[in-house]
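Here the structure comes first, spelled out in C-alpha cells, and everything after it is commentary.
Protein chains: 2
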Amino acid sequence: MRPSAVSFVAGPQGEWRIERIVPVRGAPLAAAPRLARIEGELVRPPSAWVLHGVRTHERYTESAERARLSGVQPPLGRAECTQAALIPISKSEAWWDLAQDERRAVFESRSKHISTGLEYLPAVARRLYHGREIGAEFDFLTWFEFAPADAAGFDDLVERLRKTEEWRYVEREVDIRLSR
Amino acid sequence: MRPSAVSFVAGPQGEWRIERIVPVRGAPLAAAPRLARIEGELVRPPSAWVLHGVRTHERYTESAERARLSGVQPPLGRAECTQAALIPISKSEAWWDLAQDERRAVFESRSKHISTGLEYLPAVARRLYHGREIGAEFDFLTWFEFAPADAAGFDDLVERLRKTEEWRYVEREVDIRLSR
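If you're matching them up, the sequences are chains Y and F in order. Sequential numbering from 1 applies to the first sequence in the numbering used here. Sequential numbering from 1001 applies to the second sequence in the numbering used here.
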C-alpha cells in the first residue's frame, strides 16, 4: 500500500455529527457541529479545524500479531456502525528518543496495546494515521467505528489503554465522539 | 528531536560539486553541476531536480546498537571530509508489506545493515532522511561525508550492502558522488 493522506475536517458540513469533544490531556480543539473524513487528500478548507495524517505501513505489529489481527479486523463503513470516535494523540520527546526495541517493549510487552485491542475485535473497526513525519498537529490520529451496543465496550478499551505505561508518554490527547 | 525537513537541490548553485550520478537500479536522475543540502525546509526552487525528506526518529536501531553507535558516530561538516555521497533509495511494496519483526530480521539479523555500517565509523559520517510518508520521490535519502583517503572504504561499504538480502527489496537507487 502506498502511503495515502487523510484530512479530518470539522465545520458546518460532513457525514458525522460531533457529539462531544473532550480534552483528555493538553490543549483542546474548538467545538464544531460536524466532521468529514476525507481520504486521499490534504485539504485546507475554511473550517473550525483540520487534522492531517498519512495512512502508511505498520510500525510495531509483528507477523504473528498480524496473522491474529487479519482474521478479525473489520472494515470501516459497516451499516450498523453509527457511532465513531476520533482520538488524536501526541507523544513526548522522551517517547521518540527511545530506541525501536524500547518503544516496542513499552507498547506491547508492558502495555499490551495490540493484545488489549484484539479483545474488542471485530466489534470496533479502527484505522490509524501518522501525523508526525508530515509536521501535522498530532503525532497520531486514530479513527474508530462501532455499533451503539458496543459503545460501552469501546469506553472500556480506551480506559484500559489510558492506564498503561505507554500512556505516560502521551502529552496531548483529545477524545472526539461522533454519530451519523 | 522534532522531525525536520530537508531539500537536496541540484542545479547551477550549491556548496557541493556533483562528480557523477550513477543509476544503480530504476529511473535515473538528470545531470546537474552542483548540489545544495538545505536543512529545515521543503523548498522548490527552479532547479534540475529537488529531493525531499524528513529527518525523524530511528525505525530499527535497538538500544544496544544505539549505545555502540553513539560512541563513534561523527558529525557532518568535518573540514577534512571533502567527499560526499547522496544515495536515494526506494523499496518495493513487498518490503513495506512485511511486519515490523520481518523487516527488522531482513535489515539486521540477516543483512547486518547496522553492524556492517559500524565497521566504517568514524571515517564515514551519515545522515538518514525519510521520504515515503511525505509522498517524496524516494523512500530514503542517505547523505554521507568522508575524507578522500576513505573513499575506497566507502565504496566497499556500499558494495557489501548491495549484496545483502535487504537490497533485493530495493527497486530504485541512484548513487550520486560529490566533492567540495
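By construction, the Cβ of each residue, glycine as well, lies at the ideal position given by its N, Cα and C atoms.
Compare the C-beta of residue i against all C-beta atoms of chain Y and say whether one is closer than 9 Å.
| i | result |
| --- | --- |
| Pro-1003/F | yes |
| Val-1054/F | yes |
| Thr-1061/F | yes |
| Glu-1137/F | no |
| Tyr-1020/F | A small fix is needed here, since residue 1020/F is Arg in this sequence, not Tyr. No, no contact with chain Y. |
Counting C-beta neighbours from all protein chains within 10 Å, is the total for residue i 16 or more, i.e. buried, or is it exposed?
| i | result |
| --- | --- |
| Gly-1026/F | exposed |
| Glu-119/Y | exposed |
| Gln-1100/F | buried |
| Gly-1053/F | buried |
| Asp-97/Y | exposed |
| Arg-44/Y | exposed |
| Gly-14/Y | buried |
| Glu-173/Y | buried |
| Glu-65/Y | buried |
| Arg-180/Y | exposed |
| Pro-3/Y | buried |
| Glu-166/Y | buried |
| Val-1072/F | exposed |
| Arg-177/Y | buried |
| Arg-20/Y | exposed |
| Arg-1103/F | buried |
| Ser-90/Y | buried |
| Ser-1063/F | exposed |
In whole angstroms, give me the CA-to-CA distance for residue i and residue j.
| i | j | result |
| --- | --- | --- |
| Phe-144/Y | Arg-59/Y | 19 Å |
| Gly-131/Y | Ile-1134/F | 10 Å |
| Phe-1154/F | Lys-163/Y | 48 Å |
| Gln-83/Y | Ala-105/Y | 32 Å |
| Ala-1067/F | Ala-36/Y | 45 Å |
| Ser-1007/F | Pro-1074/F | 22 Å |
| Arg-1127/F | Trp-16/Y | 43 Å |
| Leu-29/Y | Ala-136/Y | 14 Å |
| Ala-1094/F | Tyr-1169/F | 7 Å |
| Leu-1086/F | Ala-48/Y | 42 Å |
| Arg-1055/F | Ile-1038/F | 12 Å |
| Leu-1121/F | Leu-1161/F | 15 Å |
| Glu-171/Y | Val-22/Y | 15 Å |
| Arg-78/Y | Tyr-129/Y | 20 Å |
| Leu-51/Y | Phe-138/Y | 8 Å |
| Leu-157/Y | Pro-88/Y | 16 Å |
Answer yes or no: does any C-beta atom of chain F fall closer than 9 Å to that of residue i?
| i | result |
| --- | --- |
| Ile-134/Y | yes |
| Arg-127/Y | no |
| His-130/Y | yes |
| Glu-58/Y | yes |
| Glu-65/Y | yes |
When you compare the CB of residue i with every CB in chain A, is at least one pair closer than 9 Å?
| i | result |
| --- | --- |
| Pro-1074/F | The structure shown has no chain A; the protein chains it does contain are Y and F. |
Along the stretch 1094 to 1107 of chain F, what residues have a CB closer than 7 Å to any CB found in chain Y? Trp-1096, Ala-1099, Gln-1100, Asp-1101 and Glu-1102
Return the residues of the stretch 68 to 87 of chain Y that lie within a Cβ-Cβ distance of less than 8 Å from chain F, sorted by chain order. none
Hey, which unbroken runs of the beta strand (DSSP E) at 3 residues or more fall wholly within the stretch 67 to 115 of chain Y? Listed in chain order, the complete beta strand (DSSP E) runs (minimum 3 residues) inside the stretch 67 to 115 of chain Y are 83 to 91.
Given a limit of 8 Å on CB to CB distance, which residues of the stretch 29 to 45 of chain Y reach chain F? none
Sequence ranges, beta strand (DSSP E) only - wholly within the stretch 112 to 162 of chain Y, length at least 3: As summarised for the stretch 112 to 162 of chain Y, the continuous beta strand (DSSP E) elements at least 3 residues long and confined to that stretch are 125 to 130 and 140 to 146, given in chain order.
Quick one: which unbroken beta strand (DSSP E) runs of 3-plus residues sit fully inside the stretch 1 to 53 of chain Y? Chain order, please. 4 to 11, 16 to 25 and 34 to 39
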